[in-house]
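These protein sequences, in sequence, are chains A and B. 1 is the number of the first residue of the first sequence in this note's numbering; add one for each residue after it. 299 is the number of the first residue of the second sequence in this note's numbering; add one for each residue after it. Following: one structure in C-alpha cells, then a few remarks.
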Amino acid sequence: AKRPKREITVGSQVSIRSKVHYVAPGDVITTDIGFMRGHGTYLYEGELIASVAGIVERVNRLICVRPLKSRYNGEIGDVVVGRIIEVQQKRWKVETNSRLDSVLQLSSINLPGGVLRRRSIQDELMIRDYLKEGDLISAEVQHVNTDGSLSLHTRSMKYGKLTEGTLVIVPSSLVKRCKNHFHNLLCGVSIILGNNGFVWISPIVIDDNQQYVLRFQLPSAPGASSVESNIKPVTRDERETISRLRNCVLALTHQKIMLFDTTIQYTYDSSQKYEVKDLLKPEVMEDITTSARHVGID
Amino acid sequence: VLFKMAYRTLSDHERSYITRGVQEDIRADGRGCIDYRHFELCTGVVSNTSGSAEIKLERTNITVGVKAEIGNPLPLQPNRGRIEFFVDCSALASPEFQGREGEGLGQHLAYRLSEIYQNSRCIDLESLSIIPGQQCWILYVDALVMEIIFCCMES
C-alpha cells in the first residue's frame, strides 16, 4: 500500500514552543536512520513509522510517539482516585485505570489513633473495616515498581476514603498536570481531578478537623455499615450543583478540552443559563465549552 | 436469562448518594426520574423494507426494519394479524457477543417484545386482518443491535 507522503524532518527546529506534530498509525516520522526508536514507532524499509496515533516527542536522538488515548501511566507524586477491588492480607489492590492494578499497603494509610501507631495483627484482621471492595479512595503515588505497577499512600490529611459524591471517568490524557488537584469551587462543591482520569465531585466538608474524623471512621458496632455515621445529608441544591458540574466535565471531555480548574469554572459559569438535564445534548455541550476552549488550547 | 450488561462495583456511600438522590427526584446526571436521555432517531434508513428506523442512545445503536407480508392468521386468533420479532445481537455490538453468545439475549428480547405487543392497546392487530380466518398481514420486525452499552429494552 502507498504510504502517505507527509514527512516531518525532525531537526533543530523542534523546540518547546514549536508546532505540535500529530501522527496517525502508518505515518512516516522521518527517514533519517540516525535516531533511536522509542515507544510507538517501528522501522520499516529504512523509514521510521508511527504505530500509534499521537504526538511525536524527541529527546536528543530518541524519537517516540506519545499516544493520545492510552492507559494511565503513573508518576511519583501524582494524585489518583482509585477503587478497591481486592483485599489481601496486608494490602489492598486498587483500580486506577492503569495497565496493572495499583497497590495500597496497610502501612501506607493513616489509621485512627495517631500517625505513628504500629500496625498490629488486630489491624490485619480488621482490614476490611478500614477499606473494603468497592470503596473509593484518593491517594498519592508513592513509588513506581519495576513492573510498572504503582504503590499508593494516603499519608496526609487530604487523602483517604471518599464519602458521598459522584465519580466521572474521563481519559487520563485530558487531565492537566497541576500543582494542586483538589479544588473547592465557588459554587460550594469540591472536585478532585485524579491524574488517572477519575474525577470525584462531592459537597465540601467544611470543617477540616471533621474531615479527618470522617476518613477511615470505624463503624460504631461490628458489622454495622459505615454509611449511617454522622455525615450530614446532601441537600437538593448541592445535588443539583454536583450534577451540573458532572455534566460540565463530560461536556469538556466530549469536546476534547483539557481539564483543570479554570476550564471547569468557565464551563460551569456558561452552563448556568441551561437546565442541568439539557447539558447532555451535543449542541449545548458545544455552546458551554466555547469559552473554556480558548483557555484549554495551551 | 440473567445478562449483566455493565458490571461495576459501587461503594456504600455512592450507593446511598444515588438512592437518596432518586428519592428526591434527582439522578446523578441531573435528570428527574422520568426524564429521557438525549437520543437520535432516523427513519427510512433501510431501503428494501416497508419501514425502518435507527436509534442512537448514547452509544447504544439499534437498527430496526419492518416488512409486511400476507399470510395465514393463527388458528386461535382468526381476526387478528401477526407480528413476528427477531432480534440479532451482532458480534460487533459488544465483546460478550462473540460467536453465538448474543443469541440468548436476542431470543430473550424477541420474546419479551412479542409479549408486550400482544396487548391490543399497543397496536391494533385487528386492523391487520384482511379476510378473517384466511388472510392477514404479518409484520416481520427485525432489530439489529449494532452497538450496545445499556438500555437495550428501552431503545
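Idealized CB from N, CA, C, for every residue including glycine. A quick note: this is a predicted structure, and the numbers were derived from the prediction, not measured.
- Let me know the secondary structure DSSP gives Leu152/A once reduced to three states. The count along the first sequence starts at 1 and reaches residue 152/A at position 152. Under the three-state reduction of DSSP output, Leu152/A falls in the strand class.
- Item | First and last residue of the uninterrupted alpha helix (DSSP H) at Arg246/A | One-based indexing of the first sequence puts residue 246/A at position 246. Element bounds for Arg246/A: 236-254.
- Query: For Ala351/B versus Leu339/B, is the C-beta distance shorter than 8 Å?
  - Reply: Counting from 1 along the second sequence, the entry for residue 351/B is found at position 53. Counting from 1 along the second sequence, the entry for residue 339/B is found at position 41. Between Ala351/B and Leu339/B, the C-beta spacing is below 8 Å.
- Query: Among Ser156/A, Gly34/A, Ser243/A, which has the Cα closest to the Cα of Val189/A?
  - Reply: Looking up residue 189/A in the first sequence gives position 189. Val189/A has its Cα closest to that of Ser243/A, out of Ser156/A, Gly34/A, Ser243/A.
- Sequence-distant residues of the same chain with beta carbon closer than 7 Å to Pro222/A, five excluded per side: Position 222 of the first sequence, counting from 1, holds the residue named residue 222/A. No answer about Pro222/A holds up, because its pLDDT of 42 lies below 50 and its placement is not dependable.
- Task: Just the C-alpha distance for Pro282/A and Asp323/B, rounded to the nearest angstrom, thanks.
- Result: In the first sequence, the residue the question calls residue 282/A occupies position 282. In the second sequence, the residue the question calls residue 323/B occupies position 25. Approximately 24 Å, taken between the alpha carbons.
- With distances taken between CB atoms, is the gap from Ile29/A to Leu43/A smaller than 8 Å? Looking up residue 29/A in the first sequence gives position 29. Looking up residue 43/A in the first sequence gives position 43. Annotated as distal: Ile29/A and Leu43/A, with beta-carbon spacing of 8 Å or more.
- Message: Strictly under 8 Å for the Cβ-Cβ distance: is Ile324/B near chain A by that measure?
- Response: Within the second sequence, numbered from 1, the residue matching residue 324/B stands at position 26. With 8 Å as the cut-off, Ile324/B counts as an interface residue toward chain A.
- Query: Is Arg357/B close to chain C, meaning its C-beta is less than 8 Å from at least one C-beta of that chain?
  - Reply: Chain labels in this structure do not include chain C; the protein chains are A and B.
- Message: I believe Ile84/A touches Lys158/A by the beta-carbon criterion, under 8 Å. Please report the beta-carbon distance rounded to the nearest angstrom.
- Response: Here residue 84/A corresponds to residue number 84 of the first sequence, with the count starting at 1. Here residue 158/A corresponds to residue number 158 of the first sequence, with the count starting at 1. Distance from Ile84/A to Lys158/A at the Cβ level is roughly 19 Å; contact not present, criterion being Cβ atoms closer than 8 Å.
- CB contact check: His406/B to chain A, cutoff 8 Å: Start at 1 with the first residue of the second sequence, and residue 406/B comes out as number 108. No, because no Cβ of chain A sits closer than 8 Å to the Cβ of His406/B.
- Query: Can you give the Cα-Cα distance for Ser226/A and Leu186/A, rounded to whole angstroms?
  - Reply: For this step, residue 226/A is matched to residue 226 along the first sequence. For this step, residue 186/A is matched to residue 186 along the first sequence. Its pLDDT being 48, under 50, Ser226/A is placed unreliably by the model, and the measurement read from it follows with that caveat. Rounded to whole angstroms, Ser226/A to Leu186/A spans 29 Å at the Cα level.
- Task: For Met285/A, count neighbouring C-beta atoms within 10 Å of its own C-beta (all shown protein chains included) and say buried if the count is 16 or more, exposed if not.
- Result: Numbered from its first residue, the first sequence carries residue 285/A at position 285. Around the CB of Met285/A, 16 or more other CB atoms lie within 10 Å, so the residue is classed as buried.
- Item | Members of the segment 332-358 of chain B that neighbour chain A once the beta carbon cut-off is set at 8 Å | Those would be Asp333, Arg335, His336, in chain order.
- Using a Cβ-Cβ cut-off of 7 Å (strictly less than) and excluding sequence neighbours within five positions of Gly148/A, which residues of its own chain qualify? Counting from 1 along the first sequence, the entry for residue 148/A is found at position 148. Excluding positions up to five away in sequence, the list reads Arg99, Leu100.
- Task: Report the rounded CA-to-CA distance for Val295/A versus Asp78/A, giving the unit in angstroms.
- Result: One-based indexing of the first sequence puts residue 295/A at position 295. One-based indexing of the first sequence puts residue 78/A at position 78. Between the alpha carbons of Val295/A and Asp78/A lies a gap of roughly 23 Å.
- Item | Closest residue to Leu245/A among Asn184/A, Arg293/A, Lys232/A (Cα-Cα distance) | Sequence index remark: in the first sequence, residue 245/A carries index 245 (1-based). Among Asn184/A, Arg293/A, Lys232/A, the Cα nearest to that of Leu245/A is on Asn184/A.
- Query: At a Cβ threshold of 8 Å, is Thr166/A touching chain B?
  - Reply: Translated into the one-based positions of the first sequence, residue 166/A becomes position 166. With 8 Å as the cut-off, Thr166/A counts as an interface residue toward chain B.
- Message: Buried or exposed for Ile16/A, going by 16 or more other Cβ atoms inside 10 Å?
- Response: To locate residue 16/A, count along the first sequence from 1; it is residue 16. With a pLDDT of only 45 at Ile16/A, under 50, the local geometry of the prediction cannot be trusted, and the value read off the model is given with reservation. Taking all protein chains in view, the Cβ of Ile16/A is surrounded by fewer than 16 other Cβ atoms within 10 Å, so the residue is classified as exposed.
- Pull up the distance between the alpha-carbon of Phe198/A and that of Leu403/B, whole angstroms please. Mapped onto the first sequence, residue 198/A falls at position 198. Mapped onto the second sequence, residue 403/B falls at position 105. Those two C-alpha atoms are separated by around 32 Å.
- Query: If we call anything under 8 Å between Cβ atoms a contact, is Asp440/B one with Phe395/B?
  - Reply: The sequence position of residue 440/B within the second sequence is 142, counting from 1. The sequence position of residue 395/B within the second sequence is 97, counting from 1. No, the pair does not count as a contact, with Cβ atoms beyond the cut-off.
- Query: Leaving out five residues before and five after Ile257/A in sequence, what residues of the same chain have Cβ atoms less than 7 Å from its Cβ?
  - Reply: Within the first sequence, residue 257/A is the residue found at index 257, counting from 1. So the qualifying residues of the chain are Thr263, Thr289, Ala292, Arg293, Gly296.
- Query: In the structure shown, what three-state DSSP assignment does Thr30/A receive?
  - Reply: Locating residue 30/A in the first sequence gives position 30, counting from the first residue. Here DSSP, grouped into helix, strand and coil, assigns Thr30/A to strand.
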